[in-house]
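Notes to accompany the following structure.
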Ligand SMILES: Cc1cc2nc3c(=O)[nH]c(=O)nc-3n(C[C@H](O)[C@H](O)[C@H](O)COP(=O)(O)O)c2cc1C
Ligand code: SF4
Ligand code: SF4
Ligand code: SF4
Ligand code: SF4
Ligand code: SF4
Ligand code: SF4
Ligand code: SF4
Ligand code: FES
Ligand code: FES
Ligand code: FES
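Protein chains in written order, with our numbering: chain A, -3 to 603; chain B, 2 to 172; chain C, 3 to 586.
Given below as structure tokens:
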């Protein structure tokens, strides 16, 4: 095993990798979580098998990579070098890809992406989803084989680390970070350089670097994609942090639900240790650093840094009051830096490319890019990395492709359970920390869920409150009891048992919970309610004044009298003769929605 | 007198030995690694009955209340046995806005069960989970390790059928 | 030695104030006479414990420099901080927190044990809560009334966690923990076991700090009333040393007021047939214990010998140190001794059938209830002690009987077990038992008269104290601990054979019985305990007799009944054995 002992060793390694014999063709197959759940692992195995059988293995290589980001159309295969891109590949398609593309050199058209006007788009770079994106954090994700350290080295891996510890100083690393303007991507947006500087300044013989990979926002999967797709970048970044603050131990706190992400990370930890990027005397220097994994066990609040630390220490994951901040008293009471995965992986790039380069991207107070997990009722679902300052409209329409069925998009929920809804009126807001705060939303960690006109905003708010009240640690009064009470009020409203006073109660309670709660969870839990109340008050009022229809109905203008709805209704409450307009007997309707699904002409109106 | 529910004699001896070996082999502060130990215990036994929790408490020199406090805090730990198949419906936001709640209700109906309860035949436990990171395919249902994407109410029977009764096919 | 501390300057409600760095906003506000309500906060500085997890949010104030609310009980003053304690924002947030707590609280004050002595109730009154705007589901946990000493009604719990801090950090017994999360959080025993099935020591320290009635002593007063009204029964009562310096607090007296005579009077008015002094039992204990110690020293028996008069401590070592069961003294506690003697010697003298004697004891202690219920303390089918009431319960009984406590004339204890010494009074405070034992040991070992009976080196309030007492040419090395956490440290050192002592006194409660779980609530003011301690020293100073072996009634008991210390009959009645128990 090659032990890297100097910068030269590292450069030599890179050269060797680049010199290596090239395959004439490489099939880059997505092995990210989404695609794996559509059997991309089997596809990979079958491809390899077929290539071998046809004795093409000297020429053609199959390369599993992390998320290719356009998860909604996965499993994806990109064939290098011409970048032909196949989408929604199934096991049945493998034969065709091998026979037609690999052997006969023909493109399998039915697997190509189709543009808005049904035109075929054959290369990945031409697909609109990718066009406005700019990758820093996801630089290597979907590009390299995460299990092959050679590939990371070929992409300048560990160069930032090598340069820093062999020919620079901790202060210089921190200075570069400060100048770059990098802010925390975990939600708070705290300047990373400053955080490291604080921790570096505290005198202690024991310090820790902690990576927050708890990724609790339900509907976000950026961090897991990074860990799965580019684990060495995280290791390099954490080691740099150790060097900068004077720590010799790091931990990745990862949620237990991400069991499959842990495996590539463990492998990467092992290989990087074997090559001397981790462990004693890294790269021949006198700096030593180690990284271990700590498992969560299913608690959203453990994403909050003090709770995370409590959990790492083997306790209930209850947040502590701040101050003291972790930089002063963190894991085991020692100074600790806690950063998000995405924050970390920006660091090696910044060190390599320089602070000036990084700060040239983005807006005045928000530098670089931000990764979002775009999901919900949107055409293009996947990971989106865009420069700070990109507007919602660009993300929703240019990158996201708008609504899949052309329905009206009602708003975008950003920031998960802590965030708020942004309506069409605000779609031209540039996405950066300050602009978002100014309109009462927040960056959050990167969940971005698109809602359409069918989504009931009171139900959505109730969904979030249900989440927060279940995930509340229960330590402090306002959050423990208050979120429960808010949830109860919402439930009452939705069940048509509320009254107009409930709206007032929701508001005052919400504001006071925000003001009084101990940690960020409670301090932001009312946001989804308060923000939807601000923008969609009429929906709340419809419930509060009980003017909202709760049953399904037939749109007489559209109904063609096909009887399909009447046949599926489980309580037989739809009447009407063949070829005549049907009618829902509202008093009996149980709002199951079966008729809505059944109607061929969209003549059923939702409540 | 120690109440019956706490008597570790009824626990499988081989598994207990494995757990002991695991704990004995831990390096560093063992109490700090309680959560890892509980993961291991649950992996071995399938769930964490009271006597097993107390066993862990004693091995780590912690009080029973402390261990029980931790177990009941984290949703990943089960104090009740779970079915052979754990059917998890993702109720993350991406899945929710795409109708995951309906899917969940259909599954519960179809199995005539409640959330987190084991079905009478011992085959299924249905849970709701938060985002598992495959939002691209929302809504998501998993059965043990197997992930099903873009699940509609109509798919529920097809999925469950694979695991029911004698038709159980090994994965 | 105290380092020169940094001073910081801040402004609270427009008043500028200079305080030491590290002062909390709450403490700083207090210095300038500004009151901030609190609920979860509890600062027992002398015991070395502060419940400061800032969870109730009742003490929020506005930090104007940053525009946010901060918990004044936990947040420290920083230089230049500007605080407004009564801004609308702060007041509304505090009020909301309280309303939310109340929305999840049974509110049956009228029939609650804590009625008029409840911190939650006073707060509701102080904040003028007239309406609870947010109603909804309430906790519904089963109550635990199974233990002989403590009752738990989790539905009255406000999750302040004072009890957890007390049990974990001060007592290191770890019986209670928050379970579950979110709205379902409940502070409970492991697996919701009954207290009975846990290794709870019943020290009652959790009870003594609980702001509500979620934890309370199991009351015995209805049973006692029933016996008092039964003409068949001869109901006698004994009063523990620490009760007489605390009970008067319930009637508006200053802490440390000595009201022995009034208590005796009140109990007689209530209808007790005889009132005995547990101090008599304390003197008896000293004689038996000193005898045992001397015997152990002389015969090379197990040393150190540990005192055994505190039942919570006995529970503690049975559960937590089952390997050390042979080091505590085999003597029963004074309460049990008085009980045993009442149903034998006293019964015989008075010609009453022991089965008709009902022995009630008035104790500062919750654990005494569990002690009285121990099976080994029952002979021939009747227990040494039938009922135990705490100081608080006794005060309630007196009120219930409509006795004007302040108007009472002093009365004295009844014969046979009414006389006691200054030494016995010291049993109520940490260090007292060992001091009393030294007085007796000195004279019996040296055969000389002890001139200065006050052993200052044994007094004080530190959690762990060590002293060497010269008795003739014997250097007796003595250890004293109070609080079970301190005790654990000492026992672990003994187990590892790192320390060597001849005798050790242990009391489970901080301060000893003056800080017992059944005493009038101190509501966080530990100075009260010190005043009670001083009062005990005063009783000793003014006592006619100050050495246990000089107690004439005790001498008479030996002469007519027990023969000599350590005799067979003494062993049968006054000594016991310990059993190893499970740790949970
Ligand atoms: C309820 C709650 C949940 C959080 N969850 C996460 C999370 O899943 N991942 C994360 O990186 N930060 C999370 N945070 C933010 C962390 O507390 C912390 O600020 C962050 O890890 C700091 O890293 P950064 O500066 O790199 O953003 C959460 C905060 C709160 C209040
Ligand atoms: S705000 Fe909620 S999550 Fe945070 S400490 Fe309070 S109860 Fe726990
Ligand atoms: S929603 Fe369901 S119950 Fe109502 S009319 Fe349609 S099918 Fe019938
Ligand atoms: S299914 Fe639609 S079109 Fe057919 S009868 Fe019903 S409402 Fe009319
Ligand atoms: S605990 Fe206090 S507030 Fe609650 S019912 Fe009892 S007296 Fe009233
Ligand atoms: S009585 Fe003592 S040992 Fe028992 S729970 Fe309370 S504090 Fe803990
Ligand atoms: S039982 Fe009492 S002391 Fe313990 S948390 Fe509840 S209210 Fe606080
Ligand atoms: S110290 Fe006194 S009050 Fe406390 S448990 Fe022991 S005997 Fe009871
Ligand atoms: S997982 Fe394959 S594209 Fe995201
Ligand atoms: S929300 Fe269901 S997988 Fe992410
Ligand atoms: S008294 Fe300060 S938060 Fe409870």
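We put the CB at the ideal spot given by N, CA and C, even for glycine.
Taking 7 Å as the CB-CB cut-off, is residue i touching chain C?
i, result
"residue 328 of chain A", "no"
"residue 280 of chain A", "no"
"residue 56 of chain B", "no"
"residue 523 of chain A", "no"
"residue 86 of chain B", "no"
Let me check understanding here. Comparing Cα to Cα, which of the options lies closest to residue i?
i, options, result
"residue 203 of chain C", "C:372, C:459, C:391, C:380", "C:372"
"residue 517 of chain C", "C:46, C:267, C:399", "C:46"
"residue 447 of chain A", "A:431, A:369, A:461, A:399", "A:399"
"residue 463 of chain C", "C:419, C:443, C:508, C:452", "C:508"
"residue 151 of chain A", "A:135, A:166, A:163", "A:135"
"residue 384 of chain A", "A:361, A:392, A:70", "A:361"
"residue 587 of chain C", "C:118, C:552, C:57, C:55", "The requested residue 587 of chain C does not occur in the structure, where chain C is confined to residues 3 to 586."
Could you confirm whether any beta carbon from chain A is found closer than 7 Å to the beta carbon of residue i?
i, result
"residue 64 of chain B", "no"
"residue 95 of chain C", "yes"
"residue 23 of chain B", "no"
"residue 171 of chain B", "In this predicted model, residue 171 of chain B has a pLDDT of only 41, less than 50, meaning its place in the structure is not dependable; the value taken from the coordinates is given anyway. No - not a single Cβ of chain A is within 7 Å of the one on residue 171 of chain B."
Using the Cα positions of residue i and residue j, report the straight-line distance between them to the nearest angstrom.
i, j, result
"residue 336 of chain A", "residue 311 of chain A", "21 Å"
"residue 144 of chain C", "residue 153 of chain C", "11 Å"
"residue 100 of chain B", "residue 559 of chain A", "25 Å"
"residue 511 of chain A", "residue 528 of chain A", "19 Å"
"residue 586 of chain A", "residue 547 of chain A", "7 Å"
"residue 266 of chain C", "residue 287 of chain C", "22 Å"
"residue 1 of chain A", "residue 7 of chain A", "11 Å"
"residue 3 of chain C", "residue 52 of chain C", "In this prediction, residue 3 of chain C scores a pLDDT of 42, lower than 50, which makes its location untrustworthy; no coordinate-derived value is stated."
"residue 110 of chain C", "residue 217 of chain C", "15 Å"
"residue 503 of chain C", "residue 368 of chain C", "29 Å"
"residue 392 of chain A", "residue 374 of chain A", "8 Å"
In chain A, what lies closer than 7 Å to residue i by C-beta?
i, result
"residue 35 of chain B", "310"
"residue 344 of chain C", "Result: empty, since nearest Cβ-Cβ is about 49 Å, beyond 7 Å."
"residue 20 of chain B", "Under the 7 Å cutoff, chain A gives no residues; its nearest Cβ is about 16 Å from residue 20 of chain B."
"residue 59 of chain B", "Simply none; closest approach about 15 Å."
Taking Cβ-Cβ distances shorter than 7 Å, what residues in chain B pair up with residue i?
i, result
"residue 179 of chain C", "66, 67, 69, 70"
"residue 191 of chain C", "66"
Please confirm whether any heavy atom of ligand 11 lies closer than 6 Å to the CB of residue i.
i, result
"residue 41 of chain C", "yes"
Is the closest heavy atom of ligand 1 to the C-beta of residue i under 6 Å?
i, result
"residue 517 of chain A", "yes"
"residue 210 of chain A", "yes"
"residue 171 of chain C", "no"
Does residue i come within less than 7 Å of chain B when only Cβ atoms are used?
i, result
"residue 229 of chain C", "no"
Tell me whether residue i counts as near ligand 4, meaning its Cβ is closer than 6 Å to at least one heavy atom of that ligand.
i, result
"residue 574 of chain A", "no"
"residue 103 of chain B", "no"
Who are the neighbours of residue i on chain A, taking C-beta pairs under 8 Å?
i, result
"residue 93 of chain B", "214, 215"
Would you mind telling me which residues of chain B sit closer than 8 Å to residue i, beta carbon to beta carbon, in chain order?
i, result
"residue 497 of chain C", "Per Cβ cutoff of 8 Å: no residues; residue 497 of chain C is ~13 Å from chain B at best."
"residue 183 of chain C", "73, 74"
Under 6 Å: does the beta carbon of residue i sit that close to some heavy atom of ligand 3?
i, result
"residue 552 of chain A", "no"
Can you determine whether any heavy atom of ligand 9 sits closer than 6 Å to the C-beta of residue i, and answer yes or no?
i, result
"residue 28 of chain A", "yes"
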